[in-house]
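The numbering of the sequence shown is my numbering, which starts it at 482 and goes up by one.
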Amino acid sequence: MNQGFDFLNFGKTVEVNVPPSPVSGTQVSIFPATSSGSNSPSTPENITTPLPTLGVPSFKFQVSSLLENEWRNMEWSEEVRETLMESVRSFKPASETVTEARVLLVGPVGAGKSSFISSVQSVFSGRVINRAMVGSSSSTSFTKKLRTYNIRGAGENANEPTALVLCDVMGVGEGESTGLTLHDALSVIKGHAPEGHQFSPEQPIGADTVGFVRKPSTNYKVHCVVFVIDGSKVGSYAKSLGMTFQQLREHISNLGVHQVALLTHVDQVCNATGSDITQVYKSKAIQQAMVKAGQLLGMATSYIVPVKNYCSELDLDGNTDILLLKAVDHILQYVNLFFQDDSD
Numbered sequence: 482m483n484q485g486f487d488f489l490n491f492g493k494t495v496e497v498n499v500p501p502s503p504v505s506g507t508q509v510s511i512f513p514a515t516s517s518g519s520n521s522p523s524t525p526e527n528i529t530t531p532l533p534t535l536g537v538p539s540f541k542f543q544v545s546s547l548l549e550n551e552w553r554n555m556e557w558s559e560e561v562r563e564t565l566m567e568s569v570r571s572f573k574p575a576s577e578t579v580t581e582a583r584v585l586l587v588g589p590v591g592a593g594k595s596s597f598i599s600s601v602q603s604v605f606s607g608r609v610i611n612r613a614m615v616g617s618s619s620s621t622s623f624t625k626k627l628r629t630y631n632i633r634g635a636g637e638n639a640n641e642p643t644a645l646v647l648c649d650v651m652g653v654g655e656g657e658s659t660g661l662t663l664h665d666a667l668s669v670i671k672g673h674a675p676e677g678h679q680f681s682p683e684q685p686i687g688a689d690t691v692g693f694v695r696k697p698s699t700n701y702k703v704h705c706v707v708f709v710i711d712g713s714k715v716g717s718y719a720k721s722l723g724m725t726f727q728q729l730r731e732h733i734s735n736l737g738v739h740q741v742a743l744l745t746h747v748d749q750v751c752n753a754t755g756s757d758i759t760q761v762y763k764s765k766a767i768q769q770a771m772v773k774a775g776q777l778l779g780m781a782t783s784y785i786v787p788v789k790n791y792c793s794e795l796d797l798d799g800n801t802d803i804l805l806l807k808a809v810d811h812i813l814q815y816v817n818l819f820f821q822d823d824s825d
């Protein structure tokens with residue numbers, strides 16, 4: 482077996498190929514050392530050994546094992562992909578008066594909100610496109626305005642809209658002065674924010690906002706909120722961000738709106754998943770990342786699903802499509818719960 486280090490990828494996971502170990506599916510990877518060991522479990526599956534620095538950034542070994550069985554059942558086939566696509570195409574809100582499901586994506590800067598929108602549209606377009614403009618994972622939100630995207634591709638005509646509308650907003654910062662504010666997020670959910678509104682912490686949405694919707698109909702309100710969390714950073718988010726999310730979740734729940742979450746960048750969380758996305762539900766690292774995401778949000782992991790967005794790819798991948806479509810299917814289930822609750 483070929484052995485060696487890839488020193489061209491500092492700051493990313495670097496694989497070391499080793500002979501198979503007694504633990505089924507065990508892989509060895511090297512991660513940049515951190516100043517704190519709090520995010521490095523000291524279980525038998527996660528043994529760390531310092532490497533000599535050699536004049537370069539220090540690394541430590543971390544053993545990450547794949548489980549023998551999936552911790553969630555998942556089928557990977559073209560038939561499953563087509564079934565999921567048809568389910569989204571034919572979806573109609575469980576309401577006599579509402580024709581579209583409005584879903585709001587909320588998350589930290591660079592978590593992958595806009596990329597998810599573009600990735601979902603890519604699946605239905607049959608090619609990778611960037612419909613929602615995407616920035617880099619910097620500390621500043623690339624999205625500044627409220628943008629709504631009707632996912633198209635409901636029929637033979639690729640431009641025919643489905644009933645799914647994904648809403649993109651400014652990223653949430655670690656403080657209200659650095660991103661979307663609690664007030665503005667709730668204004669969007671309640672339907673008061675006009676399309677194209679440019680967010681500014683110094684100018685909260687109010688009755689004097691240009692285009693302010695005074696009496697929004699249910700059609701214009703948000704029917705489900707999706708929190709988007711970067712799986713590769715979930716252990717390093719500030720506690721203040723978790724407090725912001727949980728405070729926001731409490732207010733959203735009081736409005737009767739259901740919430741779910743996406744764990745993005747799962748291909749960067751686990752080497753095996755990066756090579757083969759079908760290993761996502763066998764990965765111990767991703768399972769642990771989902772637990773951390775649940776703790777950050779104050780949310781049970783049953784509400785959280787992993788996804789891999791299209792970022793650098795030029796062509797679609799059937800298994801990546803399935804993971805994205807399962808996430809959309811998961812979201813739409815909670816959209817209909819909103820309408821069922823609303824009719825009771």
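Don't be surprised by glycine CBs; every beta carbon is placed ideally from N, CA and C.
Cβ neighbour criterion (16 or more within 10 Å) applied to residue i
| i | result |
| --- | --- |
| Asp-689 | exposed |
| Thr-624 | buried |
| Pro-533 | The predicted model places Pro-533 with a pLDDT of 42, which falls under 50 and marks its position as unreliable, so this point remains unresolved. |
| Gln-814 | exposed |
| Val-738 | buried |
| Asp-665 | buried |
| Pro-525 | The predicted model places Pro-525 with a pLDDT of 41, which falls under 50 and marks its position as unreliable; any figure quoted below should be read in that light. Burial call: exposed. |
| Ala-781 | exposed |
| Gly-775 | buried |
| Phe-540 | Because the pLDDT at Phe-540 is just 34, under 50, the model does not fix this residue reliably, and the value given afterwards should be weighed accordingly. Buried, since its Cβ has 16 or more Cβ neighbours within 10 Å. |
| Ser-783 | exposed |
| Gln-740 | buried |
| Ser-824 | exposed |
| Thr-580 | exposed |
| Phe-488 | Interpretation of Phe-488 is limited by its pLDDT of 35, a score under 50 that renders its predicted location unreliable; no figure is taken from the coordinates. |
| Gly-799 | exposed |
| Gln-727 | exposed |
| Val-750 | buried |
| Val-691 | exposed |
Sheet register partners of residue i (DSSP bridge)
| i | result |
| --- | --- |
| Arg-583 | Val-646 |
| Gln-740 | Val-706 |
| Ile-610 | For Ile-610, which the question treats as bridged, DSSP gives no partner whatsoever. |
| Asn-631 | Val-646 |
| Ile-785 | Ala-742 |
| Ser-764 | Leu-547 |
| Asp-796 | Asp-796 is not bridged to any residue. |
| Pro-697 | BP columns for Pro-697 are empty, so no partner. |
| Lys-626 | Gln-679 |
| Asp-711 | Thr-745 |
| Pro-589 | Val-653 |
Closest Cα partner of residue i within the set the options
| i | options | result |
| --- | --- | --- |
| Ser-603 | Asn-640, Val-738, Val-816, Pro-682 | Asn-640 |
| Ile-610 | Ser-824, Tyr-815, Asn-790 | Asn-790 |
| Ile-670 | Leu-805, Cys-705, Met-771, Leu-806 | Cys-705 |
| Ala-582 | Ser-546, Pro-642, Glu-567, Val-561 | Pro-642 |
| Pro-787 | Gln-740, His-811, Thr-699, Asn-817 | His-811 |
| Gly-591 | Ala-575, Tyr-718, Arg-553, Glu-551 | Tyr-718 |
| Thr-578 | Gln-728, Leu-663, Asn-638, Thr-699 | Thr-699 |
| Phe-820 | Lys-573, Asn-631, Lys-807, Glu-549 | Lys-573 |
| Val-653 | His-673, Arg-562, Leu-585, Gly-607 | Leu-585 |
| Thr-725 | Ser-681, Glu-794, Leu-663 | Leu-663 |
| Glu-637 | Met-771, Pro-589, Phe-708, Glu-567 | Glu-567 |
| Lys-720 | Glu-731, Leu-778, Val-646, Gly-687 | Leu-778 |
| Leu-661 | Ala-644, Gly-672, Gln-684, Leu-645 | Gln-684 |
| Ala-644 | Ala-575, Ile-686, Leu-818, Phe-708 | Ala-575 |
| Asn-735 | Met-651, Glu-560, Pro-682, Leu-667 | Leu-667 |
| Met-555 | Leu-818, Ala-808, Met-651, Asp-822 | Ala-808 |
| Gly-593 | Gly-687, Cys-792, Asp-822 | Cys-792 |
| Pro-589 | Glu-560, Thr-801, Gly-723 | Gly-723 |
| Asn-817 | Val-703, Glu-559, Met-651 | Val-703 |
| Thr-801 | Glu-559, Pro-682, Asn-550 | Glu-559 |
Any non-hydrogen atom of the ligand GDP closer than 7 angstroms to residue i Cβ
| i | result |
| --- | --- |
| Ser-681 | Ligands in the displayed structure: none, and consequently the ligand GDP is not present. |
Supposed contact pair residue j and residue i - C-beta distance, whole angstroms, cut 8 angstroms
| i | j | result |
| --- | --- | --- |
| Gly-716 | Lys-765 | That pair is no contact at about 14 angstroms. |
| Asp-649 | Ser-595 | 6 angstroms |
| Ser-557 | Ile-767 | Per the sequence shown, residue 557 should be read as Trp rather than Ser. So it is not a contact: roughly 16 angstroms between Cβ atoms. |
| Leu-627 | Glu-676 | 6 angstroms |
| Phe-605 | Gly-634 | 3 angstroms |
| Leu-797 | Arg-608 | 7 angstroms |
| Arg-562 | Tyr-762 | With 8 angstroms as the limit, Arg-562 and Tyr-762 do not qualify as a contact, their Cβ atoms being about 17 angstroms apart. |
| Leu-806 | Leu-647 | The Cβ separation is near 14 angstroms, so there is no contact. |
| Phe-680 | Val-587 | At roughly 12 angstroms, the Cβ-Cβ gap does not stay under 8 angstroms, so Phe-680 and Val-587 are not in contact. |
| Ala-753 | Leu-547 | 6 angstroms |
| Gly-672 | Tyr-701 | 4 angstroms |
Chain C within 8 angstroms of residue i, Cβ atoms only
| i | result |
| --- | --- |
| Glu-577 | This model lacks chain C altogether; it includes just one protein chain. |
Counting pairs of Cβ atoms below 8 angstroms between the stretch 691–708 and the stretch 755–765, do you hit three or more?
-> Contact fails: fewer than three Cβ-Cβ distances are below 8 angstroms.
Quick one: any contact between the stretch 734–748 and the stretch 706–718, if contact means 3 or more CB pairs under 8 angstroms? Judged by Cβ distances under 8 angstroms, the stretch 734–748 makes contact with the stretch 706–718, as three or more pairs qualify.
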